[in-house]
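Since the structure comes first, as structure tokens, the remarks are kept for the end.
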Amino acid sequence: MKNPIEVLHAAVRLPTALTSATRCALLAASCLALPAALQAQVDAARIGTADVAEPHNWLTYSGSYMSQRYTQLDQLTPANVAGLELQWVFQAQSLESFETTPLVVDGIMYLTEAPDTAVALDAVTGKVYWRYQYDPSQDSRPCCGRVNRGLAIRDHTLFMATIDAKLIAIDARTGQPLWQKTVADPALGYAMTLAPLIVKDKVIIGVAGGEYGIRGFIAAHDAVTGEELWRFYTIPAPGEPGAETWEDGGDAWMHGGASVWVTGSYDAELNLTYWGIGNPGPDWNPAQRPGDNLYSDSVVALDADTGELKWHFQFTPNDDYDYDSVQVPVLVDLANAGAAHNKLMLWGNRNGFFYVLDRVTGKFIRGDAFVPVNWASGLDANGRPIETPQGPEKVTYPGVQGGTNWYSPSYSPSTELFYVQAWENYGSIFRPQEVVYQPGRNFGGGTLAGPIQGAANLPGIRRGAINNWTDAVGSGAVIAIDPRTAKPRWRYETTDVSSSGILTTTTDLLFTGTRDGYALVLDARSGELLWRASLGGQGANGPMSYSVNGKQYMAIASGNGLFVFALGD
Ligand SMILES: [Ca+2]
Ligand SMILES: [Ca+2]
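FYI, the numbering for the sequence shown is 12 to 580, going by my numbering.
Written as structure tokens, this is what we have:
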């Protein structure tokens, strides 16, 4: 067997005169080496077909460009899933929120831990090959934790978007940084928390900071040089189409938020990349920004080569409630579902409504509430909400964290159902206040209250070690929705709301996590509980599946650990 240190040295071409110890120190990483498996190149074509051609790998954040979080791996079935056994655990060194979806390429797993550390592991044993820790600027000021949701890979390069708004390229074989580019100024509230999306020769990213009066954008960088190739501002400047939806006539558009903090999707045939856009700012005081505030709370379809806008659909015009529409655009090909063709987009929105859109044109096909909603009585024929504002000191449903949020839903082409983690019967009282824009300062424009005196007040997306949640402030459910009707097919109630994503399989399993520490497997057709394990920490990532040497694994986060399961030998 080859000495792993020698393999690693060959890869990075360190001067041979250095001692092994010096070499290890220079690498600022563990001295274990990656096996040769990574020599195979990951290109966009491979990402585009991975879900079908190589389901043993997980090459992009949502598992495929369609973002269905659905795997063709079929070793785990309803009949045997009760035999799952823990294989290994990765314990993050960071105690900040652990929201990464790992990538797996030919037996190597790549993940991130907060704030901006990339790690390469053996996907069979959990052994760490290398760690690359980037220390972000103290200027960074994320609203909601120093989160990182994962990496992108192209060729031998990993891409990480940092909390201080840098894009960093890392050599996947060694963990060595190759280049870094400043994307925006963290002192002004810009941050990045998403996993980048590779489309052809480009790395596509977006900026968070919707609570700090930023002007959001999506940008494509050259994957080799890091140079910015195009930038799409999510708020039009005066004179551009859509600028008329910022009716104040002043500078509201310059600080109007519309951030981008969850990874988009891509349709190679249309060459369109789809991204969900966050709330307008100030979050809770719409009186300071009259008009529909495009493209906040919208999905945009951009030409992947140029960044040109092809269409948009706005879910929540002139949002009062911080209903970021950053959810992953789930692309499905489904016949007889209301379009002249099969190309649809499904969306479980933070505003409490589920939508079916035509992804060629952006046209609304159907939609319905999937949780109790009172800010609107329904959707009109064009999908625009019929608003029913509740007024001062009244409870608005869903509350500020929404009917769902950033965590990934799933679609199964096998069951033809869409699955979403929902927060039900959960409300907030919104108290708007005038706020003056100050660079880098919070621009929320109001305060919030929970409706239940003495109960756990307005949960953050994260929580501490003790779970004091009660049903009085809302409950959670996994809901399966039929896209042909927009109606629920089944619900699986949980004792707490959840911030976990969902994975489905071709064998009709559904994997998810809960905030009270369980990993769950449900029957994707019926919602019946098939297996669960108490892992002791909040689930806040997207479970994913891969296989190595014919053995299927399922990885799910709980607390600050990644737990990897497979059938016992
Ligand atoms: Ca409004
Ligand atoms: Ca927000």
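Positions of the beta carbon are idealized from the N, C-alpha and C atoms, including for glycine.
Is V339 closer than 9 angstroms to S73 when the C-beta atoms are compared? To locate residue 73, count along the sequence shown from 1; it is residue 62. To locate residue 339, count along the sequence shown from 1; it is residue 328. In this structure, the beta-carbon distance from S73 to V339 falls below 9 angstroms.
L132 classed as buried or exposed, judged by whether at least 16 other C-beta atoms fall within 10 angstroms: Walking along the sequence shown from the start, residue 132 turns up at place 121. By the neighbour-count rule (16 or more Cβ atoms within 10 Å), L132 is buried.
Closest by CA to I174, which one among R160, Q187, G186 and T518? Taking the first residue of the sequence shown as position 1, residue 174 is located at position 163. Here the closest residue by C-alpha is R160.
Give every residue of the same chain whose Cβ lies closer than 7 angstroms to the Cβ of V592, excluding the five residues on either side of it in the sequence, and list them in chain order. Because the chain in this structure spans residues 12 to 580, residue 592 falls outside the shown range and cannot be described.
Within 8 angstroms: the Cβ of E110 and any heavy atom of ligand 2? As a first step, residue 110 must be located in the sequence shown, where it is residue number 99. No, Cβ of E110 sits at least 8 angstroms from all heavy atoms of ligand 2.
Hey, how far is the Cα of F326 from the Cα of W264? Position 315 of the sequence shown holds residue 326. Position 253 of the sequence shown holds residue 264. If I take the Cα positions, the gap works out to 19 angstroms.
What does the alpha-carbon distance come out to for the pair C42 and G186? Reading the sequence shown from its first residue, position 31 is the one you call residue 42. Reading the sequence shown from its first residue, position 175 is the one you call residue 186. Note that C42 has pLDDT 47, beneath the 50 cutoff, so the model's placement of it is unreliable and the number below is only indicative. Rounded to whole angstroms, C42 and G186 show a C-alpha spacing of 11 angstroms.
Taking the continuous beta strand (DSSP E) assigned at R543, which residues delimit it? Here residue 543 refers to the residue found at position 532 when the sequence shown is read from its first residue. Counting along the chain, the beta strand (DSSP E) containing R543 begins and ends at L540 to S545.
As a quick check of your reading: which residues have a C-beta less than 5 angstroms from at least one non-hydrogen atom of ligand 2, in chain order? Taken from the N-terminal end onward, the list reads G221, N290, D333 and D335.
Report the residue ranges of all beta strand (DSSP E) runs contained in full by the region 365-415; include only those spanning at least 3 residues, in chain order. Listed in chain order, they are 375-380, 387-390 and 396-398.
From D330 to V271, what distance separates their C-alpha atoms? One-based indexing of the sequence shown puts residue 330 at position 319. One-based indexing of the sequence shown puts residue 271 at position 260. The alpha-carbon atoms of D330 and V271 are separated by roughly 16 angstroms.
Local Cβ density within 10 Å of A298, reported as buried at 16 or more and exposed below that: Translated into the one-based positions of the sequence shown, residue 298 becomes position 287. Classified as exposed, A298 has fewer than 16 neighbouring CB atoms from the shown chains inside 10 Å of its CB.
Mapping DSSP to helix, strand and coil, what is L87? If you number the sequence shown from 1, residue 87 lands on position 76. L87: coil per DSSP, three-state reduction.
Taking only heavy atoms of ligand 1 into account, decide whether any of them is closer than 8 angstroms to the Cβ of E587. The structure shown does not extend to residue 587, since the chain is modelled only from 12 to 580, so the question has no answer here.
Hey, how far is the Cα of A36 from the Cα of D316? For the purposes of this step, residue 36 is taken as residue 25 along the sequence shown, with counting starting at 1. For the purposes of this step, residue 316 is taken as residue 305 along the sequence shown, with counting starting at 1. Below a pLDDT of 50, predicted positions are generally treated as unreliable, and A36, at 40, falls in that range; the measurement from the model is reported next regardless. A straight-line Cα-Cα distance of about 41 angstroms links A36 and D316.
N360 CB to nearest heavy atom of ligand 1 below 8 angstroms: Walking along the sequence shown from the start, residue 360 turns up at place 349. No; taking the cut-off as 8 angstroms, the Cβ of N360 has no heavy atom of ligand 1 nearer than that.
First and last residue of the beta strand (DSSP E) that includes V341? As a working mapping, residue 341 is identified with position 330 in the sequence shown. Here the beta strand (DSSP E) through V341 covers V341 to D344.
Per-residue DSSP class, three states only, for R57: In the sequence shown, counting from the first residue as 1, residue 57 sits at position 46. If DSSP states are grouped into helix, strand and coil, R57 belongs with the helices.
In the structure shown, what three-state DSSP assignment does L208 receive? Numbered from its first residue, the sequence shown carries residue 208 at position 197. In the structure shown, L208 sits in a strand (DSSP, three-state: E or B).
Meets three-Cβ-pair contact criterion under 8 angstroms: the region 91-111 and the region 560-579: As far as the Cβ criterion goes, the region 91-111 touches the region 560-579, which means the pair count is three or higher.
Can you give the Cα-Cα distance for F228 and R242, rounded to whole angstroms? Position 217 of the sequence shown, counting from 1, holds the residue named residue 228. Position 231 of the sequence shown, counting from 1, holds the residue named residue 242. Using only the alpha carbons, I get a separation of about 7 angstroms.
Tell me the residue span of the beta strand (DSSP E) that contains C239. Position 228 of the sequence shown, counting from 1, holds the residue named residue 239. Checking the sequence, you will find Glu at residue 239 rather than Cys. Residues E239 to Y244.
Rounded Cβ spacing between E124 and T111 (contact assumed at less than 8 angstroms): In the sequence shown, residue 124 corresponds to position 113, counting from 1. In the sequence shown, residue 111 corresponds to position 100, counting from 1. With a contact defined as Cβ atoms closer than 8 angstroms, E124 and T111 qualify at about 7 angstroms.
Close-in-space but distant-in-sequence residues of the same chain around G570 (CB under 8 angstroms, 5 per side omitted): To locate residue 570, count along the sequence shown from 1; it is residue 559. Correct list, in chain order: F109, G528, L546, G547, G548 and Q549.
May I ask which residues mark the beginning and end of the beta strand (DSSP E) holding R502? In the sequence shown, counting from the first residue as 1, residue 502 sits at position 491. Note, R502: beta strand (DSSP E), K498 to T505.
Residues near A346 by beta carbon distance below 8 angstroms, same chain, minus five either side: On the sequence shown, position 335 is the one that residue 346 refers to. Shown here for A346: same chain residues with a beta carbon closer than 8 angstroms to its own, the five before and five after excluded, namely N353 in chain order.
How long is the line joining the alpha carbons of F454 and V447, rounded to whole angstroms? Locating residue 454 in the sequence shown gives position 443, counting from the first residue. Locating residue 447 in the sequence shown gives position 436, counting from the first residue. Between F454 and V447, the C-alpha separation is close to 8 angstroms.
I'd like the ranges of any beta strand (DSSP E) spanning at least 3 consecutive residues and lying wholly in the region 248-299. Counting only runs that start and end inside the region 248-299, the beta strand (DSSP E) elements of at least 3 residues fall at 276-278 and 283-287.
Distance between beta carbons of A433 and I490, contact taken as under 8 angstroms: In the sequence shown, residue 490 corresponds to position 479, counting from 1. In the sequence shown, residue 433 corresponds to position 422, counting from 1. Confirmed, Cβ separation roughly 5 angstroms.
Coarse secondary structure for L305, derived from DSSP in three states: Taking the first residue of the sequence shown as position 1, residue 305 is located at position 294. Note: L305 maps to coil in three-state DSSP.
Rank H232, N385, R361 and P396 by C-alpha distance to the C-alpha of R377 and give the top, closest one. Position 366 of the sequence shown holds residue 377. The residue with the shortest Cα to Cα distance from R377 is P396.
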